[in-house]
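Here the sequence shown is numbered in our numbering, starting from 31 and rising by one per residue. All C-beta atoms, glycine included, are put in the ideal place defined by N, C-alpha and C.
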Amino acid sequence: MVKLETSVSLASLGLIVMFELLLYSFISFLIGPQSQGPDIVVQPEGVLIQIVSISAAPGIILAGITYGLIKNYGSRKIGIILCISGIVLIIGNILVQDMISKIPQILFVPGMVPLTYALLAAGIGIVVIGIIVFMREGKIKRPIGEESF
Numbered sequence: 031m032v033k034l035e036t037s038v039s040l041a042s043l044g045l046i047v048m049f050e051l052l053l054y055s056f057i058s059f060l061i062g063p064q065s066q067g068p069d070i071v072v073q074p075e076g077v078l079i080q081i082v083s084i085s086a087a088p089g090i091i092l093a094g095i096t097y098g099l100i101k102n103y104g105s106r107k108i109g110i111i112l113c114i115s116g117i118v119l120i121i122g123n124i125l126v127q128d129m130i131s132k133i134p135q136i137l138f139v140p141g142m143v144p145l146t147y148a149l150l151a152a153g154i155g156i157v158v159i160g161i162i163v164f165m166r167e168g169k170i171k172r173p174i175g176e177e178s179f
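If you want it as structure tokens, here you go:
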């Protein structure tokens with residue numbers, strides 16, 4: 031049977047992968063064919079806020095909730111899942127940073143560059159949390175009141 035912690039960590043991984051795919055496709059859309067932008071009118075600020083609020087923020091929050099659920103006893107499986115989530119976030123944002131320079135100036139969103147750096151920091155934090163959870167397996171802390179004499 032799958033534990034709650036495993037389900038939450040897999041949901042975090044899924045949301046982070048979904049975010050990176052959405053962001054990659056959105057920036058590819060903004061670049062357009064022949065690097066001239068799309069043929070229709072778009073509001074990139076609203077779409078960027080929507081993508082972040084639908085997938086990136088919940089994915090990062092679920093990674094933190096996973097750590098809160100499992101911080102006392104650790105798990106190698108969940109640690110690996112969290113590390114993969116962080117690595118996907120880091121690699122995806124590095125790829126996105128390379129694409130940002132190709133966006134036409136009229137469609138460029140000034141908040142996109144700081145967002146990618148903030149998400150890089152979040153990815154590093156998720157990897158660190160995953161390593162902590164991975165290394166902590168087997169070190170059970172007894173709750174107060176359950177000491178054995």
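Is it buried or exposed for residue i, if we count other Cβ within 10 angstroms and need 16 for buried?
| i | result |
| --- | --- |
| I98 | Per the sequence presented here, residue 98 reads as Gly, with Ile not at that position. Its Cβ having fewer than 16 others within 10 Å, G98 is exposed. |
| I91 | exposed |
| G160 | buried |
| F179 | Residue confidence for F179 is low, a pLDDT of 49 falling below 50, so the modelled location carries little weight; the figure read from the coordinates is stated next. Exposed. |
| F138 | exposed |
| P74 | buried |
| S83 | exposed |
| A152 | buried |
| G89 | buried |
| S39 | buried |
| I70 | exposed |
| G122 | buried |
| I100 | buried |
| V187 | With the chain running from 31 to 179 in the structure shown, residue 187 is simply not present. |
| I133 | buried |
| G163 | Checking the sequence, you will find Val at residue 163 rather than Gly. It counts as buried. |
If residue i and residue j are in contact, beta carbons under 8 Å, what's the gap, nearest whole angstrom?
| i | j | result |
| --- | --- | --- |
| V143 | G116 | V143 to G116, Cβ: 20 Å. No contact. |
| A93 | L112 | 6 Å |
| G67 | I136 | 7 Å |
| V126 | Y54 | 7 Å |
| I120 | I154 | 7 Å |
| T96 | E50 | Not really, about 19 Å apart at Cβ, beyond 8 Å. |
Query raised in the report: Looking at C-beta atoms only, is the number of pairs between the stretch 100 to 114 and the stretch 53 to 61 that lie closer than 8 Å three or more?
Result: no
Report task. Kindly provide the ranges of any alpha helix (DSSP H) runs that are 4 or more residues long and lie completely inside the stretch 120 to 173, ordered along the chain. Result -> 142 to 165
Query raised in the report: Just checking, does the stretch 67 to 79 make contact with the stretch 32 to 50 on the three C-beta pairs under 8 Å criterion?
Result: no
Report task. With a floor of 4 residues, list each alpha helix (DSSP H) that falls wholly inside the stretch 41 to 101, ordered by position along the chain. Result -> 74 to 81, 87 to 100
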